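Protein chains in written order, with our numbering: chain A, 80 to 347; chain B, 80 to 347. All C-beta atoms, glycine included, are put in the ideal place defined by N, C-alpha and C. This structure is a prediction, so every number in the text was calculated from the model and none was measured. Worksheet: one structure, shown below.
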């Protein structure tokens, strides 16, 4: 399958986190156009109920569909875990979430069969990762850990240091003790903490980032496409709240790519 | 002034924080009825822009006005700092915010004229505390500190311990070094961290909680009223997202008072 000519790939997230996915798509599929929506007026999704997350996700996807995207990437684990099946059933374009690609990669990686999953409260409560992993292999041991302070740390720009190390230890010590050899970063914010996370887990543990797994799956859907830009790459950024802070932090998430987001009034 | 017979006092907050204000009102004005709205579907407000905070605050106040409250307490520093003047201009009932009462108390307390203000990003960015304090006394030194990790710590139930102490030190060390003798807790979540905050600041520093100052100001508006219940106290709780977690955490904020919140579909 390939996208209809000229159609962009749409991504949405509750705010900035999904930019780690966009960054990987930019890197691996540079000849595509993208439309990114960050619903920062209602950020974060990870502390909200499933019902509210589904409502917000529907509204985000609806905005992207009006822009006639050819494929939607739910670049937010919380939204993927809670709303993916709803969106798949309701939308007329392919929908890719974070869970399937990450699960696939974790299954290829693990040797011990002990897999850790880090996520927001809402992602862990959904049990989506546990179920998806065990559906593939009922003998797996899955240890899920909600890490509610990770997103606030990233948003506060605290990506390393003593406090980060203490919080990493608090959340990851139980996984380390149980001998996981693979840990899924089940939140698109968490790749920004990969250094302290990987340092604490040590060399024997593989850390799976959703972004890379998603980019690979999107590539498969697109089929053979140019991996060098055939035309200048176009990416549009939309947010529901302030542009200034988004543009500033987006540069960190995207690795110093300049961003000029457009503020949209409301999704409802 | 007193409220028309039977009219409740309305309070709103982005979620749970305002319950620290309600708790103080319950204690000091037990003969009143209350309606509390926590907009937890859009929590937190402290990371959002002024424009979005004003829009959300209008919608919250609108909900309470439809319930015919006789007075509105903006039980959220972020909303008070950004939306109070808008609400005062638009509403037909008295509106009490957090800033005025806290500033008044801080002015009574300080001897050195050096006052610290702790708040969310949005509250500190608004500069409302600085301006209100200096309007009263231009010679004051005001040191404002955004504490973006305090609300996530409280919401994660981390009210004490090593990580909390490290974060408290991070934010408060500059205030301590500059010799403040009064610190305003400019966020209704922060009273739950008062122990580690007061411990770090030491005996010579007075910590001002908005809740007590607000309760005193509401008492002044009401005039002489019964301070023991004339009838069974009625408090209604409304939330825009999940009820379960709210009820559970509300007990902590209110000091073990059982809460049965009602979920409302949407404020818009």
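Using 8 Å for Cβ pairs, my map puts residue i next to residue j. What's the rounded Cβ distance?
| i | j | result |
| --- | --- | --- |
| residue 290 (chain A) | residue 147 (chain A) | With a Cβ gap of about 25 Å, residue 290 (chain A) and residue 147 (chain A) do not count as contacting. |
| residue 322 (chain B) | residue 108 (chain B) | Not really, about 26 Å apart at Cβ, beyond 8 Å. |
| residue 140 (chain A) | residue 112 (chain A) | Not quite, the Cβ-Cβ distance comes to about 18 Å (not below 8 Å), so this is no contact. |
| residue 205 (chain A) | residue 129 (chain A) | 7 Å |
Do residue j and residue i count as a contact pair if the criterion is CB distance below 8 Å?
| i | j | result |
| --- | --- | --- |
| residue 99 (chain A) | residue 157 (chain A) | no |
| residue 297 (chain B) | residue 117 (chain B) | no |
| residue 223 (chain A) | residue 196 (chain A) | yes |
| residue 346 (chain A) | residue 101 (chain A) | no |
| residue 233 (chain A) | residue 276 (chain A) | no |
| residue 125 (chain B) | residue 220 (chain B) | no |
| residue 211 (chain B) | residue 259 (chain B) | no |
| residue 162 (chain B) | residue 207 (chain B) | no |
| residue 155 (chain A) | residue 236 (chain A) | no |
| residue 136 (chain A) | residue 166 (chain A) | yes |
| residue 114 (chain B) | residue 315 (chain B) | yes |
| residue 145 (chain B) | residue 320 (chain A) | no |
| residue 325 (chain B) | residue 95 (chain B) | yes |
In chain B, which residues lie with their C-beta within 7 Å of the C-beta of residue i?
| i | result |
| --- | --- |
| residue 128 (chain A) | 320, 321 |
| residue 131 (chain A) | 120, 320 |
Would you mind telling me which residues of chain A sit closer than 9 Å to residue i, beta carbon to beta carbon, in chain order?
| i | result |
| --- | --- |
| residue 242 (chain B) | 228, 242, 245, 246, 249 |
Residue i: buried (16+ other C-beta within 10 angstroms of its C-beta) or exposed?
| i | result |
| --- | --- |
| residue 241 (chain B) | exposed |
| residue 252 (chain A) | exposed |
| residue 283 (chain B) | exposed |
| residue 80 (chain B) | Residue confidence for residue 80 (chain B) is low, a pLDDT of 45 falling below 50, so the modelled location carries little weight and cannot support an answer. |
| residue 121 (chain A) | buried |
| residue 218 (chain A) | exposed |
| residue 313 (chain A) | exposed |
| residue 327 (chain B) | exposed |
| residue 243 (chain A) | buried |
| residue 230 (chain A) | buried |
| residue 339 (chain A) | exposed |
| residue 379 (chain B) | In this structure chain B extends from 80 to 347, so residue 379 (chain B) is not present and cannot be described. |
Anything in chain B within Cβ reach of residue i, meaning under 9 Å, just list it in chain order.
| i | result |
| --- | --- |
| residue 347 (chain A) | 345, 347 |
| residue 278 (chain A) | Under the 9 Å cutoff, chain B gives no residues; its nearest Cβ is about 18 Å from residue 278 (chain A). |
| residue 91 (chain A) | Here the premise fails: no neighbours, minimum Cβ distance about 17 Å. |
| residue 137 (chain A) | Under the 9 Å cutoff, chain B gives no residues; its nearest Cβ is about 13 Å from residue 137 (chain A). |
Using a Cβ-Cβ cut-off of 8 Å (strictly less than) and excluding sequence neighbours within five positions of residue i, which residues of its own chain qualify?
| i | result |
| --- | --- |
| residue 175 (chain B) | 150, 151, 152, 153, 293, 296, 297, 300 |
| residue 287 (chain A) | 181, 184, 185, 188, 261, 262, 263, 264 |
| residue 133 (chain B) | 161, 162, 165 |
| residue 341 (chain A) | 315, 316, 317, 318, 322 |
| residue 93 (chain B) | 117, 118, 119, 121, 122, 123, 124, 125, 135, 155, 157, 158 |
| residue 215 (chain A) | 182, 186 |
| residue 209 (chain B) | 196, 221, 223 |
| residue 85 (chain A) | 112 |
| residue 105 (chain B) | 113, 312, 314, 333, 336 |
Please list the partners that residue i has in chain B, where partner means a Cβ-to-Cβ separation under 8 Å.
| i | result |
| --- | --- |
| residue 234 (chain A) | 126, 227 |
Using a Cβ-Cβ cut-off of 6 Å (strictly less than) and excluding sequence neighbours within five positions of residue i, which residues of its own chain qualify?
| i | result |
| --- | --- |
| residue 250 (chain A) | 224, 226 |
| residue 266 (chain A) | 156, 198, 199 |
| residue 285 (chain A) | 188, 261 |
Please list the partners that residue i has in chain A, where partner means a Cβ-to-Cβ separation under 7 Å.
| i | result |
| --- | --- |
| residue 231 (chain B) | 227, 228, 231 |
Beta-carbon within less than 7 Å of residue i's beta-carbon, same chain only, minus the 5 sequence neighbours each way: which residues are those?
| i | result |
| --- | --- |
| residue 254 (chain B) | 195, 222, 224, 262 |
| residue 172 (chain B) | 148, 149, 150, 151 |
| residue 228 (chain A) | 246 |
| residue 274 (chain A) | 239 |
| residue 70 (chain A) | In this structure chain A extends from 80 to 347, so residue 70 (chain A) is not present and cannot be described. |
| residue 268 (chain A) | 96, 229, 230, 233 |
| residue 213 (chain B) | 219, 221 |
| residue 270 (chain B) | 99, 264, 288, 290 |
| residue 337 (chain A) | 330 |
| residue 138 (chain A) | 346, 347 |
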